[in-house]
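Visitor: Take this structure first; my questions come after.
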Amino acid sequence: MSSQSIIEWGCLTEQQQIDALLRPAMKDSVILRDTVTKILSRVRENKDAAVFEYTKQFDGAELRELRLDPTIIEQAERKIKAKVRIAIDKAYANIKIFHEAQIPQDIRIETTPGVLCEQRHTALEKVGLYIPGGSAPLPSTVLMLGVSAQVAGCELPILCTPPSPQGTIAPEICYAAKLCGIKHIYLCGGAQAIAAMAFGTESIPKVDKIFGPGNSFVTEAKQQVSQVVSGAAIDMPAGPSEVLVIADANANAGFVAADLLSQAEHGADSQAVLVSNDRTLIVKVQQQISLQLAQLSRRDIATKAVDNSRYILTDSIEECVLVSNAYAPEHLIVQTDNARDLLATLKHAGSIFVGAYSPESAGDYASGTNHVLPTYGYARNYSSLGLLDFMRRYTVQELSREGLENIGDAIMDLADAEGLDAHRNAVKIRLTGLELPSMPLEHSENSAVKSDSVVISALNSVATSAVNSATNNSETDGRVYIYTPAGE
Numbered sequence: 018m019s020s021q022s023i024i025e026w027g028c029l030t031e032q033q034q035i036d037a038l039l040r041p042a043m044k045d046s047v048i049l050r051d052t053v054t055k056i057l058s059r060v061r062e063n064k065d066a067a068v069f070e071y072t073k074q075f076d077g078a079e080l081r082e083l084r085l086d087p088t089i090i091e092q093a094e095r096k097i098k099a100k101v102r103i104a105i106d107k108a109y110a111n112i113k114i115f116h117e118a119q120i121p122q123d124i125r126i127e128t129t130p131g132v133l134c135e136q137r138h139t140a141l142e143k144v145g146l147y148i149p150g151g152s153a154p155l156p157s158t159v160l161m162l163g164v165s166a167q168v169a170g171c172e173l174p175i176l177c178t179p180p181s182p183q184g185t186i187a188p189e190i191c192y193a194a195k196l197c198g199i200k201h202i203y204l205c206g207g208a209q210a211i212a213a214m215a216f217g218t219e220s221i222p223k224v225d226k227i228f229g230p231g232n233s234f235v236t237e238a239k240q241q242v243s244q245v246v247s248g249a250a251i252d253m254p255a256g257p258s259e260v261l262v263i264a265d266a267n268a269n270a271g272f273v274a275a276d277l278l279s280q281a282e283h284g285a286d287s288q289a290v291l292v293s294n295d296r297t298l299i300v301k302v303q304q305q306i307s308l309q310l311a312q313l314s315r316r317d318i319a320t321k322a323v324d325n326s327r328y329i330l331t332d333s334i335e336e337c338v339l340v341s342n343a344y345a346p347e348h349l350i351v352q353t354d355n356a357r358d359l360l361a362t363l364k365h366a367g368s369i370f371v372g373a374y375s376p377e378s379a380g381d382y383a384s385g386t387n388h389v390l391p392t393y394g395y396a397r398n399y400s401s402l403g404l405l406d407f408m409r410r411y412t413v414q415e416l417s418r419e420g421l422e423n424i425g426d427a428i429m430d431l432a433d434a435e436g437l438d439a440h441r442n443a444v445k446i447r448l449t450g451l452e453l454p455s456m457p458l459e460h461s462e463n464s465a466v467k468s469d470s471v472v473i474s475a476l477n478s479v480a481t482s483a484v485n486s487a488t489n490n491s492e493t494d495g496r497v498y499i500y501t502p503a504g505e
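What follows is the structure in structure tokens.
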């Protein structure tokens with residue numbers, strides 16, 4: 018990262034500016050799509066058998082049951098270090114406080130006398146939470162997803178995560194899940210886990226919506242199942258993690274470098290961008306990165322992210338804001354004088370960290386905000402994960418006769434304008450009292466009865482017209498019904 022040159026924003030053409038903000042290309046190949054499609058199809062058809070097979074193939078685990086024994090979840094607390102348990106407890110408490118504050122209020126208002134309109138909210142019933150595997154357990158992601166489902170009131174939250182070759186998962190995962198009230202944990206990962214949650218198997222219930230990050234196969238699987246009617250909704254598109262830091266001359270270079278490196282260690286395809294109006298600050302940050310990088314346990318991964326990173330020099334802080342809005346970062350850190358004053362102009366970001374003492378790590382773990390965020394520029398039109406993602410809203414309307422009279426003309430005139438007669442008639446029939454013939458039906462058993470006439474009533478007719486018809490036998494369940502016009 019420190020070896021990269023400084024990009025002088027004002028010297029670039031419009032196209033060069035666009036190119037300077039390009040992300041690393043996500044894996045998007047025919048092979049990837051076809052592989053995922055095949056996995057989804059096999060799980061959909063063979064259910065548990067396919068999941069067992071893929072778990073053995075990709076995770077090296079031969080399982081007898083997909084569901085984790087609930088007693089293991091209950092006993093997880095005993096197997097983790099006390100300081101880790103305390104940290105999980107603290108993070109859980111803060112995340113819960115912040116998400117409880119997001120509980121929406123229902124709306125009930127009379128828009129016109131006699132016209133009552135409501136907006137109500139209800140939790141999604143079944144949600145699937147995906148927790149990636151890898152070199153380290155991710156209890157923080159369990160909390161981010163699990164607390165949201167818990168506070169929303171989802172009836173059945175289930176969790177899928179890849180097992181170790183021994184068929185186990187980290188106790189930290191189990192403990193975090195227990196705090197969130199999750200009792201159903203399934204030992205499967207990858208595209209096969211997404212397929213199982215989307216379509217259901219003998220062991221894994223079908224869910225309404227799937228949440229959580231993952232690799233390119235998981236991301237592709239989520240996108241595919243969300244496009245199938247019998248599949249499941251998903252939280253948001255996902256890509257490599259990223260951070261953009263806006264810093265001025267007074268920013269702490271060591272703090273800025275630490276923030277950039279905390280992003281770089283996520284993965285080789287992560288991207289860290291520094292935007293500043295001060296060249297000296299950029300140089301100091303580059304020096305700090307070299308010093309801090311050598312001390313990281315994941316320095317090999319962080320070093321590989323260097324090629325995806327950028328140092329951009331602007332003429333002003335206002336121009337820094339323009340660059341950030343164009344990039345639309347997942348994480349945006351603002352280390353400038355009067356940093357809070359910039360919030361009104363920062364339009365596109367998944368989560369913003371204001372001031373020198375607000376590292377990205379705070380949001381990743383324990384500040385209370387959700388760390389599941391839109392990446393790859395999706396912050397321009399997607400929001401950070403929140404409580405409402407685990408709920409759905411719907412409307413209710415109740416009209417009295419007075420209410421319908423008050424808006425009836427408007428409804429009928431609009432229906433006329435759109436050429437929808439039945440819409441108009443649904444109002445008119447209520448206001449005029451005009452009804453379809455409703456004389457009791459005469460009937461005789463097992464006999465054919467001739468009707469001299471059939472009356473055709475139009476829903477919007479001003480008068481009833483009759484036409485002579487040929488003999489009409491109407492048989493239903495061995496009985497014959499005689500249809501007679503009103504008044505006869």
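To convert, count from 1 in the sequence shown and add 17; that's this note's numbering. For each residue, glycine too, the CB sits at the ideal point set by N, CA and C.
Going by Cα to Cα distance, which pick from 307, 202, 375 and 47 is closest to residue 233?
Guide: Of the listed residues, the one whose Cα sits closest to residue 233 is 47.
Visitor: Apart from the five residues on each side of it in sequence, which residues of its chain come closer than 6 Å, Cβ to Cβ, to residue 414?
Guide: Result list for residue 414: 134, in chain order.
Visitor: Determine the closest residue to residue 9 out of 341, 325, 214 and 56, with distance taken between C-alpha atoms.
Guide: Nothing in the structure corresponds to residue 9, since the chain is present only between 18 and 505.
Visitor: Have a look at 136, 400, 37 and 215 and flag the residue whose alpha-carbon is nearest the alpha-carbon of residue 59.
Guide: Per the Cα distances, 215.
Visitor: Do you know whose CA, among 329, 282 and 99, lies nearest residue 314's CA?
Guide: Selected option, being the one with the closest Cα: 282.
Visitor: CB-CB under 6 Å to residue 188, same chain, minus the five flanking residues each way: which ones, in chain order?
Guide: Correct list, in chain order: 93, 96 and 97.
Visitor: For residue 78 and residue 349, what's the separation of their Cα atoms in angstroms?
Guide: Taking the straight line from one Cα to the other gives about 39 Å.
Visitor: Can you have a look at residue 374 and say buried or exposed, based on whether 16 or more other CB atoms are within 10 angstroms of its CB?
Guide: Residue 374 is exposed by the Cβ-count criterion.
Visitor: Which term fits residue 310, buried or exposed, when burial requires 16 or more other beta carbons within 10 angstroms of its beta carbon?
Guide: When all chains shown are included, residue 310 counts as buried.
Visitor: Pairing CB atoms from the stretch 155-167 with CB atoms from the stretch 393-405, are three or more of them under 8 Å?
Guide: Contact holds: three or more Cβ-Cβ distances are below 8 Å.
Visitor: Is the Cβ-Cβ distance between residue 13 and residue 227 less than 8 Å?
Guide: In this structure the chain extends from 18 to 505, so residue 13 is not present and cannot be described.
Visitor: Are there 16 or more other CB atoms within 10 angstroms of the CB of residue 143, so buried, or fewer, so exposed?
Guide: Burial call: buried.
Visitor: Which runs of the beta strand (DSSP E), 3 residues or longer, sit entirely within the stretch 162-187?
Guide: Counting whole runs of 3 or more residues, the stretch 162-187 contains the beta strand (DSSP E) stretches 173-178.
Visitor: Residue 146: which of 284, 206 and 74 sits nearest, CA to CA?
Guide: Checking every option, the nearest Cα to that of residue 146 belongs to 206.
Visitor: Can you check whether the CB of residue 273 is closer than 8 Å to the CB of residue 266?
Guide: In this structure, residue 273 does not lie closer than 8 Å to residue 266 by Cβ.
Visitor: When DSSP labels each residue in this structure, what does residue 374 get in the three-state scheme?
Guide: Coil, per DSSP.
Visitor: Does the Cβ of residue 325 have 16 or more other Cβ atoms within 10 Å, making it buried, or fewer, making it exposed?
Guide: Looking at its Cβ environment, which holds 16 or more other Cβ atoms inside 10 Å, residue 325 is buried.
Visitor: Hey, could you find the ends of the alpha helix (DSSP H) residue 116 is sitting in?
Guide: Taken as a continuous stretch (DSSP letters only), the alpha helix (DSSP H) holding residue 116 covers 99-117.
Visitor: What residue ranges within the stretch 347-426 form continuous alpha helix (DSSP H) runs of no fewer than 4 residues, ordered along the chain?
Guide: The stretch 347-426 contains these whole alpha helix (DSSP H) runs: 377-382.
Visitor: Residues in the same chain with beta-carbon distance under 8 Å from residue 29, minus the five sequence neighbours each way, listed in chain order, please.
Guide: Cβ within range, chain order: 37.
Visitor: Which whole-angstrom value describes the C-beta separation of residue 88 and residue 180, a residue pair presumed to lie in contact below a C-beta threshold of 8 Å?
Guide: Rounded, the Cβ-Cβ distance is 17 Å, inconsistent with contact.
Visitor: From what residue to what residue does the beta strand (DSSP E) around residue 127 run?
Guide: It spans 124-129 - the beta strand (DSSP E) in which residue 127 sits, taken as one unbroken run.
Visitor: Quick one, are the C-beta atoms of residue 392 and residue 258 less than 8 Å apart?
Guide: In contact: residue 392 and residue 258 (Cβ atoms closer than 8 Å).
Visitor: Less than 8 Å between CB atoms is the rule here; does residue 23 satisfy it with respect to chain B?
Guide: You won't find chain B in this structure, because it holds only one protein chain.
Visitor: On the criterion of 16 or more Cβ atoms from any shown chain inside 10 Å, does residue 277 qualify as buried, or is it exposed?
Guide: It is buried - the Cβ of residue 277 has at least 16 other Cβ atoms within 10 Å.
Visitor: Just tell me which of 410, 243, 383 and 437 has its CA closest to the CA of residue 120.
Guide: With distances taken between Cα atoms, residue 120 lies closest to 410.
Visitor: Does the beta-carbon of residue 137 have 16 or more other beta-carbons within 10 angstroms, so that it is buried, or is it exposed?
Guide: So residue 137 ends up on the exposed side.
Visitor: Please report the distance separating the alpha-carbon of residue 50 from that of residue 57.
Guide: Rounded to the nearest angstrom, the two C-alpha atoms are 11 Å apart.
Visitor: Near residue 154, what residues of its chain come up, given a Cβ to Cβ distance below 7 Å and the 5 sequence neighbours on each side ignored?
Guide: Only 187, 189 and 190 meet the Cβ criterion.
Visitor: Can you give me the C-alpha to C-alpha distance between residue 364 and residue 416, rounded to a whole angstrom?
Guide: The alpha-carbon atoms of residue 364 and residue 416 are separated by roughly 40 Å.
Visitor: From this set, 184, 356, 286 and 177, which residue's C-alpha is nearest residue 223's C-alpha?
Guide: Selected option, being the one with the closest Cα: 177.
Visitor: Just how far apart, CA to CA, sit residue 437 and residue 445?
Guide: Cα to Cα, the separation comes out at about 13 Å.
Visitor: Identify every run of the beta strand (DSSP E) within the stretch 213-297, keeping only runs that are complete inside it and at least 3 residues long; order them along the chain.
Guide: Qualifying beta strand (DSSP E) stretches, in chain order: 226-228, 259-264 and 288-293.
Visitor: Using 8 Å for Cβ pairs, my map puts residue 160 next to residue 110. What's the rounded Cβ distance?
Guide: That pair is no contact at about 10 Å.
Visitor: Would a C-beta distance cut-off of 8 Å place residue 367 and residue 339 closer than the cut-off?
Guide: Going by C-beta atoms, residue 367 is not nearer than 8 Å to residue 339.
Visitor: Using CA coordinates, which residue listed in 420, 140, 27 and 292 is at the minimum distance from residue 127?
Guide: Residue 127 has its Cα closest to that of 420, out of 420, 140, 27 and 292.
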